[in-house]
Amino acid sequence: MADQLAPHFTGAYGHPVVQTPALDALAGRGVRFDAAYCNFPLCAPSRFSMLSGQMPASIGAWDNGAEFAASVPTLVHYLRLLGYRTTLSGKMHFIGPDQLHGFEERLTTDIYPSGFALTPDWEAAGVPPSDWYTMASLSEAGPVVTNYQHDFDEEAGFAAVRHLYDLARATDDERPFFLVASFTHPHDPYEARQRWWDLYDHDDIDLPDPIAPDAVDPHTRRLWRGIGAEGAGVTPEQCRNARHGYYANTSYFDSWVGRLVEVLDETGRTDDTVVIVIADHGDMLGDRGTFFKMCFFERAARVPFVMAGPGVANCAVPDVCSLVDLLPTLLDIATDGDDGGWPEMSTPPAGRSLWELASSGGAGAGDNSGGGNSDGGGSSGGGTNGSRSDSSDAGGEAFGEYTSVLTTQPMFMIRRGRHKWIHCEGDPPLLYDLVDDPLERNNLATDPAHAELAAAFAAETAERWDSAEIRERVLASQRSRRVVSAATHAAGTPWWDYSPQRNIAAEYVRDGMNWLHTSRGSRIPTPR
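And the structure:
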């Protein structure tokens, strides 16, 4: 799992510059979903929604400081009930005292706080600027020896690789396994190790297409103000530097994908393991003059979704889907497509299983060779390489919610077929035809030719979401968390940051042990 990886900036989805050979190879032998979305374009709520299979508002996943309640069942709990050994290595951004949420093993700590420190304040005057998402990520972009993000991903990757080897060595545990290896790259800061920075010629880094002033919506302007890009804006060189670092870190993440797949192959697990590569959300990366996420435009809201392994077809699927579909999909994989074998659920999943599409390709599936519909290649906009599945006939739907920084009103998204609808109380509605207008420059919400469609989306939004009621729930949650956070900091009480448990007495050679016995027990013979 990647953090902040937009599919548009990968080779598997057709970008002509970004090098992702491992992801390309998985897509080349598996299925690539060409219209997959997150359900909340921010790290923690997206992950909570994905793991629970529920929409964010239904579980109180309001922002990066909102608690993920221990009482919410996750796909990990369900897999454990089905007999799986469940392990997490790397980032999951759990907030609250439960730092496992069904995982029986957690190999690393997390990279971000477990407490309420990142709680927004919707009652502050205006829309406060972000102190986490700023222009510093652009002005400081460039090559580095290392930083905390690289340190973290090296640990997460090493622990995941070692765990796969340990599974191969295990003789007393024959359970099927579920391993999540979750990396923090290519999330900003856009700082890359020299090896990966040098993978790209700086002059080859593409720039985003310009946007006309009359195409800029109020939320985009809030993003400009919030990250400090209003006024002078982002210079071409700042944008190119940031993209250079992002592309380099995307290749770095891809190298870990390749390493994990290599270990599966080395240990003879390739033919009985389904590999899925996803992200929690994307990155605008200069499109519309803004960066990071926190909006429902394509580069922020879309995610890569590639699956390969036994029973998986080799195709590209145009159907719209989202991260809440992962839970029912994994349960179908674990039960061989028999939903009658699913564990009892307290709440039906908000998504649908994609296993039938993944295993058969579905009616709209296309050839998967040569890249997909990135709409982000070339000089940022139109460079689609190879074949692409046609999203004009896509089935499925995706819903999104946003209740965090740089807004003081809930935002909602509906993606269905070729159209996307975005609603935020107090802002003009947005309606885009993503087939004719993949860069989302032409708002059709007030176009007389689309009046009936816009009215239908508006009515559906009002029926699906009570914006005023959700806002009151958000405000109440923010107030409570600010009190707890202030008191905890004042008292110096420790938060809930996870400390991995290791039994070092069982590692390597210890007193009373023979090195030869240890060597033989740890050895994984080369397959012959």
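Following my numbering, the numbering of the sequence shown begins with 26 at its first residue and continues without gaps. Glycine included, each C-beta is placed from N, C-alpha and C at the ideal position.
Please report the Cβ distance between residue i and residue j, rounded to the nearest whole angstrom; I am assuming they are in contact, meaning their Cβ atoms lie under 8 angstroms.
i: phenylalanine 73; j: proline 81; result: 7 angstroms
i: tyrosine 427; j: threonine 134; result: About 28 angstroms separates the two Cβ atoms, so there is no contact after all.
i: isoleucine 305; j: arginine 324; result: It is worth fixing the name first, because residue 305 is aspartate in this sequence and not isoleucine. Between arginine 324 and aspartate 305 the Cβ distance is about 14 angstroms, and since that is not below 8 angstroms, they are no contact.
i: arginine 105; j: glutamate 129; result: 7 angstroms
i: aspartate 198; j: arginine 294; result: With a Cβ gap of about 14 angstroms, aspartate 198 and arginine 294 do not count as contacting.
i: leucine 132; j: proline 525; result: 6 angstroms
i: isoleucine 303; j: arginine 265; result: So it is not a contact: roughly 28 angstroms between Cβ atoms.
i: threonine 315; j: glycine 253; result: The Cβ separation is near 11 angstroms, so there is no contact.
Does the separation of the CB atoms of residue i and residue j fall below 7 angstroms?
i: tyrosine 457; j: glutamate 450; result: no
i: arginine 506; j: phenylalanine 119; result: no
i: serine 378; j: threonine 360; result: no
i: histidine 210; j: aspartate 176; result: no
i: valine 56; j: cysteine 340; result: yes
i: valine 421; j: aspartate 344; result: Position check: residue 421 holds glycine in this sequence, whereas valine was assumed. Yes. Within cutoff.
i: cysteine 63; j: leucine 348; result: yes
i: leucine 204; j: threonine 112; result: yes
i: alanine 206; j: glycine 283; result: no
i: glycine 78; j: glycine 376; result: yes
i: leucine 107; j: leucine 352; result: no
i: glycine 270; j: alanine 217; result: yes
i: tyrosine 215; j: serine 162; result: yes
i: serine 155; j: glycine 307; result: no
i: aspartate 452; j: proline 243; result: yes
i: glutamine 52; j: alanine 37; result: It is alanine, not glutamine, that sits at residue 52 in the sequence shown. Yes. Within cutoff.
i: alanine 383; j: valine 328; result: no
i: phenylalanine 330; j: phenylalanine 58; result: yes
i: proline 552; j: serine 492; result: no
i: isoleucine 358; j: methionine 332; result: no
i: alanine 474; j: leucine 455; result: no
i: alanine 273; j: tryptophan 221; result: yes
i: alanine 67; j: serine 429; result: The sequence shown places leucine at residue 67, not alanine. The answer is yes: Cβ separation under 7 angstroms.
i: aspartate 123; j: alanine 91; result: no
i: valine 342; j: arginine 247; result: no
i: leucine 192; j: phenylalanine 208; result: no
i: proline 442; j: alanine 419; result: The question names proline, yet the displayed sequence has glycine at residue 442. Cβ atoms of glycine 442 and alanine 419: closer than 7 angstroms.
Using DSSP's beta-bridge definition, name the partner residues of residue i.
i: glutamate 422; result: Arg441
i: aspartate 28; result: Pro211
i: tryptophan 446; result: Ile439 and Leu456
i: glutamate 130; result: Thr112
i: methionine 332; result: Val56 and Ile301
i: leucine 204; result: Thr112
i: cysteine 340; result: Val56
i: valine 508; result: None, per the DSSP bridge assignment.
i: glycine 167; result: Glu216
i: arginine 327; result: Tyr62
Are there 16 or more other CB atoms within 10 angstroms of the CB of residue i, so buried, or fewer, so exposed?
i: arginine 187; result: exposed
i: histidine 542; result: exposed
i: threonine 260; result: exposed
i: tryptophan 446; result: buried
i: glutamine 174; result: buried
i: histidine 227; result: exposed
i: arginine 548; result: exposed
i: glutamine 503; result: buried
i: glutamine 263; result: buried
i: glycine 127; result: buried
i: tryptophan 281; result: buried
i: tryptophan 157; result: exposed
i: threonine 518; result: exposed
i: glycine 334; result: buried
i: asparagine 89; result: buried
i: histidine 514; result: exposed
i: asparagine 12; result: Absent from the structure is residue 12, since the part of the chain shown begins at 26 and ends at 553.
DSSP three-state label for residue i, please.
i: glutamate 364; result: Residue identity check: residue 364 is aspartate in the sequence provided, not glutamate. Three-state result, aspartate 364: helix.
i: isoleucine 61; result: Note that residue 61 is alanine in the sequence shown, not isoleucine. Three-state DSSP puts alanine 61 in a strand.
i: proline 373; result: coil
i: serine 347; result: strand
i: tyrosine 427; result: strand
i: glycine 406; result: Because glycine 406 carries a pLDDT of 36, less than 50, the predicted location of this residue cannot be relied on, and no value is offered for it.
i: arginine 527; result: coil
i: glycine 546; result: helix
i: tryptophan 490; result: coil
i: glycine 411; result: Low local confidence applies: a pLDDT of 30 at glycine 411 is under 50, so the model's placement there is unreliable, with the coordinate-based value given in what follows. Here glycine 411 sits in coil by DSSP.
i: cysteine 264; result: helix
i: glutamate 497; result: helix
i: glutamine 174; result: helix
i: tyrosine 103; result: helix
i: asparagine 274; result: helix
i: alanine 47; result: helix
Using a Cβ-based criterion (distance less than 6 angstroms to any ligand heavy atom), does residue i qualify as near the ligand GTP?
i: leucine 289; result: The model on display carries no ligand, and the ligand GTP is accordingly not part of it.
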